Every structure is written in C-alpha cells, then in structure tokens.
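Numbering (UniProt numbering), first residue to last: 1 to 430.
First comes the structure, then the notes that go with it.
Below, the structure written as structure tokens:
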C-alpha cells in the first residue's frame, strides 16, 4: 500500500490490499471536510428484473446497520453537525458526508458502516417502498422526464444503460430484503469502491482512516458492462390531460473511454447560453419554445448528444424541422466566435466544479473508474482549447450520418410519427 500523487500535486491515490481506492484531495483553504464513497453500482449494472435496485439500496442504506439504528445514524451525524446525502446514477452510487476537519475519521467510519453493514429491516423496507413509489409516480407525471426515458430506450434499446435509474413500478413493488442483500454482496466490493476525502487533510491519515473502515471489505471483481450499441428511431407517447409537448432529440457520440472533446465543444456551441444558435433561432427569432437546452452526456459505455425542448403541440413539427436544419448547417461550417464561446463556457464550468469539494471528488472518482488515474484540470483545459473548428464540424457531420433518436411525450397526435420521420430524414440529406 503506497501513498502516491496522481496527476496534480494535491491529489493522492492509494489502493488498499482489498482493491478499495482511497482518494485524498488537498484543499487547504476549506474549513470543512467532505467525504464520499463511490460504488460502481448503477442502473446499467442491473438486470431487467432488478432494474432500480441500486437506487432502492441507496434509499435503504440509512435505515439501520448492525451497529446503528436509523435513529442512531441521524443522531450521530447531527451531533457532529454533518450533512448527509446520497445519489444514484446510471454508472454509480455515491454516499456523501460533510463535517468538521477534526471529525474526518468519524465521518469515514460512519460511511463505512452505512455502505457495508446495512441490515435493510423489513418494516423500513416497506415504508421506503412507498416513498420510492411516490417518487416514481411524480417522475411519471413529468412530461420531460417521460420523454427522456423514451429517448434512452430509443437510443440504446435493450442495453441496460437505457433502463431508468428509479426502476419500474413492477420492480419497485417486488424487491425483497434478500434482493437488496444479494445486490450489496455482489457489487459493493473493494474492486468497485472509491473512498474520497477533500479538505485540508493529511493524505496519510486519510488512508489510515479508510483502512480501518474499509480494510475488511471483500475484494470481489470489477463490475463491467459491454459498450452500448446505438439504435435510433422515433418514439412518441401521448399523455392525457397535458397541454405541452416535450421533445428530446439526439445522436450517439463517443463514450468517456474515447476522450472526444470535440463533441463536448459541439454541444456547448450549439445550445449553451442565450446567444447559442439553438436558443437564438428557436426561441428568440421564432418563439417556438420557452425552454430548450443542449448537452453532451457521456458515460463509460456510451455518449449522447442531447437536445431538449418543450413546445405547444401545433409547433412540434416546425420545431423538429428547424432544429434538424440548424444541425445540418453546423455540419457545413462553424463560426470562430461560437467556437471561442463554447470553449470558454466549458472551461469555466469545469473550473467551477473544481472549486467545490464534492465536484472535485465526483470528477476524480469518474476518472479513476474509467481511466485508472485522476487527470488534472490543466489536461482538460488543454484538450478543450485544442479543439478546432474543423473538428467540431466533423463532429456534427458524424452525428448526422446516422439516424436520429427522437422521443416526444405529452400532447401529440397519432399521425405525428410519420411526419416527424420525414422531417428528420430530409434534414439529414440536406
């Protein structure tokens, strides 16, 4: 077990004997310490019958352990003045605590207990099941969220990355305590865990605390998922009783493993900010939407160039047609002013994230999971600013070379799908 700097001089990564990686980020200006445990357990690691179990486990993790009851977990955290949070994504689950620097060891111990020793009491499980079902129904009532779920399926079909993080109503209703215990036993292992700490910390002391809290965790094997194969197509769903139509349109782009900065710059250029071509054309000039956005969503198994918008039903076809024509124009040329704006927006967003402890921990953990090392902010900025106008143009051209994925949810007519198909195809051939 060797303490070593990783990339930046303030970043230290150590691997324990059981495979747990310990990440220490020195941020000497902070008065508090942030502790995160990242587990390679997300909806892309789930079978169809167990879809949503990573999210369910995250909800249940704070309901009691072999050492602490649910009430004791809350009391112990609050006595330290600590903030506690957690989230589940497609490729990981994360547990967070923030408290006083002097309590670093106690925070690591608490998260170690929660992550490794949760008992999932039956009574708590049934109560939390109802909470998650309410969350599921709230999500179902959200037209844009529904469009996103349709979009993921349209992009990647049967691949598990297309599954919703929260799961399905059927899966939520039938998860058992044994399912949760089995999931943790399989996936919550040393090869899939990163313990991260950010603050004015001594890296060696962080390793000692992590060894005490996580050293007995079984090593297990790395959770791997095959790359997702893009499908594409058009999917619509009518939602009764709504007045708006929600649109998610996109294309495949390289995954995190392929390190393609041009697609990220293309997304920022196309739709980030009020001066972007997307907002300038469809909102400011044409008044087709109030809200629209564009992003590049990249994970270890896939990447998506995504445009979202909400519009009135009578504007749906014109909206899709205008967006497709705008994309086609960017496959022909890219302006220098837009390129400079996009590169600077990405740089500022990245640096802002690096100024926040949990943002740094999340970014560094992602690097470790995907690349096996933590990249420096300077590396990222260099990659972004090296992207040329020609590379961005080529990124748009590659996207338009394949069928789009288009998902529409809300107030949508039965005959819309055929007309939308014509609009998408004609723009690609422009």
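Yeah, the Cβ is synthetic: ideal placement off N, Cα and C, and Gly gets one too.
None of the values given here were measured: they were computed from a predicted structure.
**OP:** Go ahead and pull the three-state DSSP assignment for residue 301.
**Re:** coil
Original post:
So is residue 66 buried or exposed if we call it buried at 16+ other beta carbons inside 10 Å?
Top reply: exposed
Original post:
For the stretch 39-125, which segments carrying the alpha helix (DSSP H) assignment without a break, of at least 4 residues, lie completely within its bounds, in sequence order?
Top reply: 53-60, 70-79, 104-117
**OP:** Decide yes or no for the touch test of the stretch 98-115 against the stretch 125-135: beta carbon pairs closer than 8 Å, at least 3 of them.
**Re:** no
Subject >> Residues near residue 47 by beta carbon distance below 8 Å, same chain, minus five either side >> reply: 160
**OP:** Please list, in chain order, all residues of the same chain as residue 323 whose beta carbon is under 8 Å from its beta carbon, the five residues on each side excluded.
**Re:** 249, 278, 282, 307, 309
Original post:
Is the CB-CB distance between residue 304 and residue 155 below 8 Å?
Top reply: yes
Original post:
Mind checking residue 44: buried by the 16 CB within 10 Å criterion, or exposed?
Top reply: buried
**OP:** With DSSP as the reference, label residue 169 as helix, strand or coil.
**Re:** helix
Subject >> Segment limits, alpha helix (DSSP H) that includes residue 330 >> reply: 316-330
Original post:
Do you know offhand how far residue 338's Cα is from residue 52's?
Top reply: 40 Å
Original post:
What three-state label does DSSP hand residue 238 in the structure shown?
Top reply: strand
Original post:
Would you call the CB atoms of residue 191 and residue 16 closer than 8 Å?
Top reply: no
Original post:
Residue range of the beta strand (DSSP E) that residue 431 falls in?
Top reply: Because the chain is modelled from 1 through 430, residue 431 falls outside the range shown and cannot be assessed.
Original post:
My guess is that residue 188 and residue 39 are in contact by the Cβ rule of under 8 Å, so how many angstroms apart are they, rounded?
Top reply: 6 Å
Original post:
DSSP three-state call for residue 278: helix, strand or coil?
Top reply: helix
Original post:
Got a sec? Which residues, its chain only, sit under 7 Å from residue 219 by beta carbon, not counting five neighbours each side?
Top reply: 18, 19, 189, 190, 191
Subject >> Nearest candidate by alpha-carbon position, reference residue 399, set 328, 352, 345, 423 >> reply: 328
**OP:** In angstroms with no decimal places, state the Cα-to-Cα distance between residue 166 and residue 137.
**Re:** 11 Å
Original post:
Exposed or buried, what is residue 269 when buried is set at 16 or more other beta-carbons lying within 10 Å of its beta-carbon?
Top reply: buried
Original post:
Near residue 360, what residues of its chain come up, given a Cβ to Cβ distance below 6 Å and the 5 sequence neighbours on each side ignored?
Top reply: 25, 198, 354
Original post:
Between which two residues does the alpha helix (DSSP H) containing residue 343 stretch?
Top reply: 336-354
Original post:
Is the beta carbon of residue 299 sitting closer than 8 Å to the one on residue 350?
Top reply: no
Original post:
Going by the beta-carbon positions, is the gap between residue 316 and residue 412 smaller than 8 Å?
Top reply: yes
**OP:** Between the Cα of residue 342 and those of 276, 251, 153, spot the shortest distance and give me the residue it belongs to.
**Re:** 276
Subject >> Supposed contact pair residue 271 and residue 293 - C-beta distance, whole angstroms, cut 8 Å >> reply: 6 Å
Original post:
When the Cα of residue 335 is compared with those of 284, 352, 390, 30, which residue comes out closest?
Top reply: 390
Original post:
Can you name, in chain order, every residue of its own chain whose Cβ lies under 7 Å from the Cβ of residue 267, other than the five neighbours on each side?
Top reply: 294, 295, 296, 305
**OP:** Could you check if residue 274 is buried or exposed, using at least 16 other CB atoms within 10 Å of its CB as the buried criterion?
**Re:** exposed
Original post:
How far does the beta strand (DSSP E) with residue 250 in it reach, from first residue to last?
Top reply: 245-252
Subject >> Three-way DSSP call (helix, strand, coil) for residue 287 in this model >> reply: coil
Original post:
In its own chain, which residues sit with a C-beta less than 7 Å from the C-beta of residue 30, not counting the 5 before and 5 after it?
Top reply: 199, 200, 357
**OP:** Inspect the beta-carbon positions of residue 21 and residue 33 and report whether they are closer than 8 Å.
**Re:** no
**OP:** Have a look at 89, 381, 152, 177 and flag the residue whose alpha-carbon is nearest the alpha-carbon of residue 362.
**Re:** 89
Subject >> Contacting residues, own chain, Cβ-Cβ under 8 Å from residue 233 (five flanking each side not counted) >> reply: 154, 403, 405, 406
**OP:** Note down the Cα distance separating residue 180 from residue 289, rounded to an integer number of angstroms.
**Re:** 43 Å
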